[in-house]
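The working numbering numbers the first residue of the sequence shown as 134 and each following residue consecutively.
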Amino acid sequence: LVLPAILVTPALIVVLQGLVFPALPDPMQLTSVVPLDTLILGAVVWWLITGLVAERMATRALARALDNGPIAMIDSAGTIVHWSRGCEDLYGWSADVAIGQNKYALLKSRKRDGGPMLRPAAGDQHGGVELIEQHRDGRELRVLELARGGDTASTLTVLSLSDITARAAAERALEDSEARLLLATEAHAIGVFEWDTRSNAIHWVGNTELLPGNPRGTISDYDSWAADVFPEDRKAIETRIAAAVWARADRFSFGYRIRGQGGEVRSIEGSARCFYDADGQLDRTIGVNIDVTERVANESQLAAREAQLRSVLETVPDAMIVIDEAGAILTFSPAAEHLFGYAAREAVGRNVAMLMPREHGGRHDDYLRRYLETGTTRVIDRTRILTARRADGRELPIELRVGEARYGGVRVFTGFVRDISERLENEERLASLRSELTHVGRLNAMGELAAGLAHEINQPLTAIANYLAAARRGLGDQA
Numbered sequence: 134l135v136l137p138a139i140l141v142t143p144a145l146i147v148v149l150q151g152l153v154f155p156a157l158p159d160p161m162q163l164t165s166v167v168p169l170d171t172l173i174l175g176a177v178v179w180w181l182i183t184g185l186v187a188e189r190m191a192t193r194a195l196a197r198a199l200d201n202g203p204i205a206m207i208d209s210a211g212t213i214v215h216w217s218r219g220c221e222d223l224y225g226w227s228a229d230v231a232i233g234q235n236k237y238a239l240l241k242s243r244k245r246d247g248g249p250m251l252r253p254a255a256g257d258q259h260g261g262v263e264l265i266e267q268h269r270d271g272r273e274l275r276v277l278e279l280a281r282g283g284d285t286a287s288t289l290t291v292l293s294l295s296d297i298t299a300r301a302a303a304e305r306a307l308e309d310s311e312a313r314l315l316l317a318t319e320a321h322a323i324g325v326f327e328w329d330t331r332s333n334a335i336h337w338v339g340n341t342e343l344l345p346g347n348p349r350g351t352i353s354d355y356d357s358w359a360a361d362v363f364p365e366d367r368k369a370i371e372t373r374i375a376a377a378v379w380a381r382a383d384r385f386s387f388g389y390r391i392r393g394q395g396g397e398v399r400s401i402e403g404s405a406r407c408f409y410d411a412d413g414q415l416d417r418t419i420g421v422n423i424d425v426t427e428r429v430a431n432e433s434q435l436a437a438r439e440a441q442l443r444s445v446l447e448t449v450p451d452a453m454i455v456i457d458e459a460g461a462i463l464t465f466s467p468a469a470e471h472l473f474g475y476a477a478r479e480a481v482g483r484n485v486a487m488l489m490p491r492e493h494g495g496r497h498d499d500y501l502r503r504y505l506e507t508g509t510t511r512v513i514d515r516t517r518i519l520t521a522r523r524a525d526g527r528e529l530p531i532e533l534r535v536g537e538a539r540y541g542g543v544r545v546f547t548g549f550v551r552d553i554s555e556r557l558e559n560e561e562r563l564a565s566l567r568s569e570l571t572h573v574g575r576l577n578a579m580g581e582l583a584a585g586l587a588h589e590i591n592q593p594l595t596a597i598a599n600y601l602a603a604a605r606r607g608l609g610d611q612a
């Protein structure tokens, strides 16, 4: 043993010099210091020592890395026997405080379902448990605990701990968002679907399948959907889909009527996003269906009322003119066209002052502005006799009644105009006849008065004449 040591000593000196100094000795120097066999032996020793040093350095680096990670070791009772620096950073408890305490009691650990977590079961090699644990400052942490070891009561369990608080919060936010979306779709009668064109299967998101009264899952594929859709609407949708595929469109919209099992007809509108395969064929669509039955019914009723109102306005003899707050004409009825000599396309958009005599038209905007500012009016909800001007410049007497309406923060004024020229002419003619009749009546009254006077005068005159005649006969007989 001494001889090999003596032989190796020069090589060891050279090796130690190589470890201490970065630069290796010159090979010529090695051959000059030691024999060749000693050099070989020294090289072997050099290789062994450098390997041991590298392994020791790697082990230390691994130990530092493990210590920086949240790694803990517990015994079968859950008592902490090792507490890494990563655990100190994660939970805020130092190793001096944590070691010797029950890990689950120290961190007030509990499972997601609320049940307490005291220690892993003996021999538990679970892939991971999500725990709710408490930081030293009171904050709650979501931690994924992976356990290894602990097969027997005498062995230790290594716990790898991962902070998933941010991930859990994001998952919870996503779940809440999906729940709110589902509630919103149900509240607004919106159905979210995915149609796989290859299998023809239709998948609905949540309980958003439309058609109230139908059992859930009634519409599970394209054929079950198409069976209840009105044929003309189905053909229109298929035409739209074909056009979208031909144009490689990203989306298409549609509308259709569908009959439920109870016979109720629903009106549906929606749109879908198209996804194509590598060959450009339609692979699947994701879209929404919106139940617009009530809206369609309201629109139909509104259209019917509008048609009825339009029919009334087109046949009513009075002209109707609607203006806005600035006096611009919005509506000009057929009767107004006939009365004023303007076509509706000529009148709409122009100021209503064009229908007034020049001396009044210039002041109309001031009247309207004053009313909007003060609310004082002499025209609204009153009937007035005014003078209007036709397109040919001729003036005519009119009877005007104006009403006011408000909707959406906008005020409009509706005026009903009636041509009273004929009425005034009739009234004038009637007044003339009345005057003539009054004159004739006066003449008749004078004639009747004269006849009465003559009658009253004739009676005494006749009596006097009779007395005179009798007197003459009496005097004649005496002679």
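Every residue gets a Cβ at the ideal spot worked out from N, C-alpha and C, and that includes glycine. All figures in this text were calculated on a predicted structure; none of them were measured in a lab.
Chain-order list of residues whose beta-carbon lies under 6 Å from that of Leu136 (same chain, five-residue window excluded)
Since pLDDT at Leu136 reaches only 41, below the 50 mark, its modelled position is unreliable, and the value read off the structure follows with that caveat. Around Leu136: no qualifying Cβ.
> Which word fits Ser332, buried or exposed, when buried means at least 16 other C-beta atoms lie within 10 angstroms of its C-beta?
Replying inline: Of the residues assessed, Ser332 falls on the exposed side of the cut-off, its CB having fewer than 16 other CB atoms within 10 angstroms.
Practice item. Leaving aside the five residues before and after Asp552 along the sequence, list all residues of the same chain whose C-beta is less than 7 Å from its C-beta, in chain order. Key: Leu472, Leu529 and Ile531.
Quiz item: Going straight from the alpha carbon of Ala564 to that of Gly474, what length do you get?
Solution: It is roughly 31 Å from the alpha-carbon of Ala564 to the alpha-carbon of Gly474.
- Among Leu505, Ala587 and Ala405, which one has its Cα closest to the Cα of Val543? It is Leu505.
- Message: Closer than 8 Å is the cut-off here; do at least three beta carbon pairs connect the region 434–444 with the region 476–486?
- Response: Contact between the region 434–444 and the region 476–486 is absent, because fewer than three Cβ pairs lie under 8 Å.
Hey, out of Phe363, Met206, Arg399 and Trp328, whose CA is closest to Ile374's CA? For Ile374, the closest C-alpha among the options Phe363, Met206, Arg399 and Trp328 is that of Trp328.
Inter-residue spacing [alpha-carbon to alpha-carbon] between Leu594 and Gly607 | Those two C-alpha atoms are separated by around 20 Å.
Okay, do the region 417–426 and the region 387–402 touch, 3+ Cβ pairs below 8 Å being the bar? Verdict: yes, contact present.
Legend entry - Beta-carbon proximity list for Ala359, same chain, < 7 Å, skipping 5 on both sides: Answer for Ala359: Arg367, listed in chain order.
**Report entry** Limits of the unbroken beta strand (DSSP E) element including Asn431
**Finding:** Note, Asn431: premise wrong, no beta strand (DSSP E); alpha helix (DSSP H) at Thr426 to Thr448.
Item to check | Cα-Cα separation, Leu576 to Leu557 | outcome: Distance between the alpha carbons of Leu576 and Leu557: 28 Å.
- Query: Taking the C-alpha atoms as reference points, what is the distance between Leu274 and Ala210?
  - Reply: It is roughly 23 Å from the alpha-carbon of Leu274 to the alpha-carbon of Ala210.
Arg522 - DSSP class collapsed to helix/strand/coil = Residue state, collapsed to three classes: strand.
Tyr355 beta carbon less than 8 Å from that of Ile370 = Not closer than 8 Å, so no.
query: Do you know whose CA, among Asn235, Asp296, Thr288 and Gly233, lies nearest Leu264's CA?
result: Measuring from the Cα of Leu264, the nearest candidate turns out to be Asp296.
* To do: Can you give me the Cβ contacts of Phe546 inside the same chain, cut-off strictly under 6 Å, excluding the 5 residues immediately before and after it?
  => Within the same chain, Phe546 has close Cβ partners Ile456, Val535 and Glu537.
Could you pull the start and end residues of the beta strand (DSSP E) that Ala452 belongs to?
-> Counting along the chain, the beta strand (DSSP E) containing Ala452 begins and ends at Ala452 to Ile456.
Next on the checklist: Quick check on the burial criterion: 16 or more other C-beta atoms within 10 angstroms. Buried or exposed for Asp309?
Outcome noted: Exposed is the call here.
task: Compute the distance between the beta-carbons of Val291 and Ile204, then report whether it is under 8 Å.
output: In this structure, Ile204 lies closer than 8 Å to Val291 by Cβ.
- Hey, is Trp337's beta-carbon within less than 8 Å of any beta-carbon in chain C? Any reference to chain C falls outside this structure, which holds one protein chain only.
**Message:** According to DSSP, is Phe363 part of a helix, a strand, or is it coil?
**Reply:** DSSP places Phe363 in coil when its eight states are reduced to three.
In DSSP terms, what Phe326 is bridged to:
In the DSSP assignment, Phe326 forms a beta bridge with Trp337 and Gly420.
field: Helix, strand or coil at Glu470 according to DSSP, with G and I counted as helix
entry: Helix.
task: Can you check DSSP and say which residues form a bridge with Asn591?
output: DSSP lists no bridge partner for Asn591.
Q | DSSP three-state assignment for Ala254, whether helix, strand or coil | A | Residue placement at Ala254 is flagged as unreliable, the pLDDT there being 48, under the threshold of 50; the coordinate-derived value follows with that caveat. Note: Ala254 maps to coil in three-state DSSP.
TODO: Please confirm whether any heavy atom of the ligand GDP lies closer than 7 Å to the CB of His471.
DONE: This structure lacks the ligand GDP; in fact it carries no ligand of any kind.
### Message
Can you tell me whether Trp226 is buried or exposed? The criterion is at least 16 other CB atoms within 10 Å of its CB, across all chains shown.
### Response
Taking a 10 Å sphere around the C-beta of Trp226, we find 16 or more other C-beta atoms and assign the residue as buried.
* Asked: For Met489, which of helix, strand or coil comes out of DSSP?
  -> Correct three-state label for Met489: coil.
Practice item. Tell me whether Arg515 sits in a helix, a strand or coil according to DSSP, three-state version. Key: For Arg515, the secondary structure class from DSSP, reduced to helix, strand or coil, is coil.
For the candidate residues Thr212, Leu240 and Lys241, whose alpha-carbon lies nearest to that of Gln234?
Minimum Cα distance to Gln234 is reached at Thr212.
Worksheet item: Alpha carbon to alpha carbon, what distance is there between Val325 and Ile419?
Response: Looking at the backbone, the Cα of Ile419 and that of Val325 are separated by about 8 Å.
| Can you tell which of Val362, Ile597, Leu289 and Ala459 has its C-alpha closest to the C-alpha of Asp499? | Considering only alpha carbons, the answer is Ala459.
* Between Thr298 and the rest of its own chain, which residues show a CB-CB distance below 7 Å, the 5 nearest in sequence each way excluded? -> Closer than 7 Å at Cβ, skipping near neighbours: Leu274 and Arg275.
Which same chain residues end up closer than 6 Å to Ala334 when comparing Cβ atoms and leaving out the 5 residues on each side of it in sequence? Closer than 6 Å at Cβ, skipping near neighbours: Asp354.
Tell me the DSSP secondary structure of Thr164 in three-state form.
The pLDDT assigned to Thr164 is 49, lower than 50, so where the model puts this residue is not dependable; a value taken from the coordinates is nonetheless given after this. Thr164 sits in a helix when the DSSP states are folded into three classes.
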